[in-house]
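What the sequence shown shows, in the numbering used here, is residues 1443 to 1941, in sequence order.
Backbone N, C-alpha and C define an ideal beta-carbon position, used for all residues, glycine too.
A quick write-up on the structure given underneath.
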Amino acid sequence: MNRVIVIGSGFAGLSAATRLAQRGYDVTLLEKNDVPGGRARVFEADGFTFDMGPSWYWMPDIFEDYFAEFGKKPSDYYNLVRLDPSYKVVFGPTQDMDLPADMPGLRNLFESIEPGSAERLDEFLRQAAYKYKVGIKNFVWKPSRRVSEFLSLKLLYDVTRLDVFQSFATHVRKFFKDPRLLQLVEFPILFLGATAQKTPAMYSLMNYAEMTMGTWYPMGGMHEIVRGMVTLAEEMGVKIILNQNVRHISVQEGRADRVLTAEGTYEADIVVAGADYHHVDTQLLAEPYQNYNEGYWDKRVMAPSSLLFYLGINKKVPKLTHHNLFFDEDFALHSHEIYEDPKWPSRPLFYVSAPSKTDPGVAPEDSENLFVLIPVAPGLSGDTEAVREKYYDLVMERLEAYVGESVRPHVVFKRSYAHSEFIADYNAFKGNAYGLANTLRQTAILKPSLKNKKVENLYYTGQLTVPGPGVPPSLISGLVVAKEVEKEFPLKKKAPIAK
Ligand SMILES: Cc1cc2nc3c(=O)[nH]c(=O)nc-3n(C[C@H](O)[C@H](O)[C@H](O)COP(=O)(O)OP(=O)(O)OC[C@H]3O[C@@H](n4cnc5c(N)ncnc54)[C@H](O)[C@@H]3O)c2cc1C
């Protein structure tokens, strides 16, 4: 009774598979694509190596804790460097700001923009540090299957101090007034998939992580984390099989007994689904076994999708740094067009990553590797080549105005990516990029459950269940689900724990 089939090789699937294999389960991981890593895949073209998804490495402690579970360190698998400046914010063609990695530099920057704000930053971060410690040590590790998990005096006390019921927007306005500072502190919230008005103030823990623990980069690219995790998974005994598109999970007498792909059938005692929850629930299971119906999913607030451009440039672009946020348009309007009135944005903000600034290995000599990301609402129709080109020109014009030189004539490689690819490549509900938004009504026990209610040995993991979107939460999600499996389906004979 120890055969586990894990579906999907994203961070969550790899994490769950590795932990279960370490504990003695016989784990096979099935991945539909020909490269592991899910949204953090990589591709190479014309001498450029492009990370396809995540580019910000925050919360290094979570990665350290992950590898430590297996007696390892991130440095056993990849080489991390800390970025300084952490990132650049562009407010207009002649207005920008580099965020220093060190705290004295950051305080000086805040003070120069809004007198008195350096001290308020200290207090803001002091409160955020508490949220990080309690939130990361306690709340994100809860399987969130029962209210009773949260019923302890200590936890209830923590909930009040965590500011779960106050909005992030209200919270930050108690500390800062200058619109540029507000944008700086509100930007990490974009990763959580909702506006600052709808996000609990608890998530100022992201500011603590970003400002005090730093922005890091694994040399070679973010996919090096995946490579490391795959190596570790195999060291622990996971069998990873690529090009296995799961078509169906067979259920007999309330138990998942087989997982079927176009290529074969895999017998299972336990199934852990790390593919997008909506896809697993509504397309891989027969209707009587689905946890939620389409009506439920339609009411969920999904995190944004993205329109992406992977660009190879045959020259250097000196004014860019590794991470560049273009906040040169109205933040509120763009948020409104993502969350409140979903439509193709009229004047979007965008983000440009230039990993070749740090890592010469990801581009040919004297070239730049650019990744351009425009957050857009999920579920939009009209994702055509013409629409993509319109946005390409719109953002490249603003990029060129800022860097003060032409870039478009130097593009030697270009690939775009949006809703239709997210759906085709990952079976992403509404073409979402970052899963389910972390709104108050979609927090903890209010998220899609990590266990199927009708199939006793079927679990879900990944960015649509607890604890939420992002690389560190997905790693945690895999470990949380693995621990639930260990509790509910303990092995008769415990294997020695491999480290
Ligand atoms: C453009 C972009 C930028 C991002 N930037 C950041 C960032 O800078 N920092 C950060 O922390 N996070 C970032 N994120 C979010 C982060 O990448 C995700 O939260 C995380 O990778 C999700 O991992 P996952 O395991 O839940 O899902 P996934 O990575 O989607 O893994 C699911 C896997 O299941 C597979 N699958 C689907 N259907 C089937 C099937 N039927 N059969 C077999 N396999 C199947 C998929 O191919 C995929 O490999 C970004 C995401 C995107 C898209």
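{"query": "Count the other CB atoms within 10 Å of the CB of Asn1550; is the residue buried (16 or more) or exposed (fewer)?", "result": "exposed"}
{"query": "On the three-pair Cβ rule with 8 Å, is the segment 1738 to 1753 touching the segment 1858 to 1868?", "result": "yes"}
{"query": "Put Ile1683 into one of helix, strand or coil per three-state DSSP.", "result": "strand"}
{"query": "Beta-carbon within less than 7 Å of Leu1604's beta-carbon, same chain only, minus the 5 sequence neighbours each way: which residues are those?", "result": "Lys1573, Val1576, Gly1577, Met1644"}
{"query": "Which same chain residues end up closer than 6 Å to Val1531 when comparing Cβ atoms and leaving out the 5 residues on each side of it in sequence?", "result": "Met1539, Leu1767, Phe1769"}
{"query": "Please tell me whether, using a cut-off of 8 Å, the distance from the CB of Thr1834 to the nearest non-hydrogen atom of ligand 1 is below it.", "result": "The residue you asked about is not Thr; residue 1834 is Tyr in the sequence shown. Tyr1834: no, Cβ never under 8 Å from ligand 1."}
{"query": "Pairing CB atoms from the segment 1451 to 1470 with CB atoms from the segment 1906 to 1920, are three or more of them under 8 Å?", "result": "yes"}
{"query": "Comparing the CB of Met1653 with every heavy atom of ligand 2, is any distance shorter than 8 Å?", "result": "Among the ligands modelled here, namely ligand 1, ligand 2 does not occur."}
{"query": "Around the Cβ of Ser1795, are there at least 16 other Cβ atoms within 10 angstroms (buried) or fewer (exposed)?", "result": "buried"}
{"query": "Measure the alpha-carbon distance for Arg1445 versus Pro1932 and round it to whole angstroms.", "result": "12 Å"}
{"query": "Does the distance between the C-beta of Val1688 and the nearest non-hydrogen atom of ligand 1 fall short of 8 Å?", "result": "yes"}
{"query": "At a cut of 8 Å, does the segment 1661 to 1678 reach the segment 1501 to 1519 through at least three beta carbon pairs?", "result": "yes"}
{"query": "Between which residues of its own chain and Met1648 is the CB-CB distance below 6 Å, once the five residues before and five after are set aside?", "result": "Pro1630"}
{"query": "Quick check: what's the CA-CA separation for Tyr1659 versus Ser1497?", "result": "8 Å"}
{"query": "Check Lys1856 in the structure and name its three-state DSSP category.", "result": "strand"}
{"query": "Compute every distance between the C-beta of Ser1528 and the non-hydrogen atoms of ligand 1, then say whether any falls below 8 Å.", "result": "no"}
{"query": "Spell out the partners DSSP gives Glu1878 in its beta bridges.", "result": "Correcting the residue identity first, residue 1878 is Leu in this sequence and not Glu. Leu1878 pairs with Met1744."}
{"query": "Spatial neighbours of Leu1548 within its chain, please: CB distance less than 8 Å, with the 5 preceding and 5 following residues excluded, ordered by chain position.", "result": "Leu1541, Pro1542, Leu1563, Met1653"}
{"query": "Consult DSSP for Val1908 and reduce its assignment to one of helix, strand or coil.", "result": "coil"}
{"query": "For His1613, which option in Arg1622, Val1627, Arg1481, Asp1526 has the closest C-alpha, if you only look at C-alpha atoms?", "result": "Val1627"}
{"query": "With H, G and I counted as helix, E and B as strand and the rest as coil, what does DSSP make of Gly1635?", "result": "coil"}
{"query": "Should Ala1870 be labelled buried (16 or more other beta-carbon atoms within 10 Å of its own) or exposed?", "result": "buried"}
{"query": "Between the beta-carbon of Val1448 and the beta-carbon of Gly1716, is there less than 9 Å?", "result": "yes"}
{"query": "Checking 9 Å against the spacing of the C-beta atoms, do Pro1911 and Gly1635 come in under that value?", "result": "yes"}
{"query": "For Phe1773, which option in Leu1632, Arg1588, Ala1459, Val1927 has the closest C-alpha, if you only look at C-alpha atoms?", "result": "Leu1632"}
{"query": "Curious, which full-length alpha helix (DSSP H) runs of at least 4 residues does the segment 1550 to 1619 contain?", "result": "1559 to 1579, 1595 to 1603, 1610 to 1615"}
{"query": "Sorry if obvious, but does the Cβ on Glu1839 come closer than 8 Å to a heavy atom of ligand 1?", "result": "no"}
{"query": "Contact check, Lys1896 vs Pro1730 under 8 Å by CB: the rounded distance?", "result": "7 Å"}
{"query": "Is there at least one non-hydrogen atom of ligand 1 closer than 8 Å to the beta-carbon of Tyr1752?", "result": "no"}
{"query": "What are the start and end residues of each continuous alpha helix (DSSP H) run of 4 or more residues lying completely inside the segment 1497 to 1524, in chain order?", "result": "1502 to 1510"}
{"query": "What I want to know is whether the C-beta of Leu1702 ends up closer than 8 Å to one or more non-hydrogen atoms of ligand 1.", "result": "no"}
{"query": "So Glu1556 packs on Phe1618, CB below 8 Å; how close in whole Å?", "result": "6 Å"}
{"query": "In or out: Pro1909 buried (at least 16 other Cβ within 10 Å) or exposed?", "result": "buried"}
{"query": "Classify Ser1848 as helix, strand or coil using the three-state DSSP reduction.", "result": "coil"}
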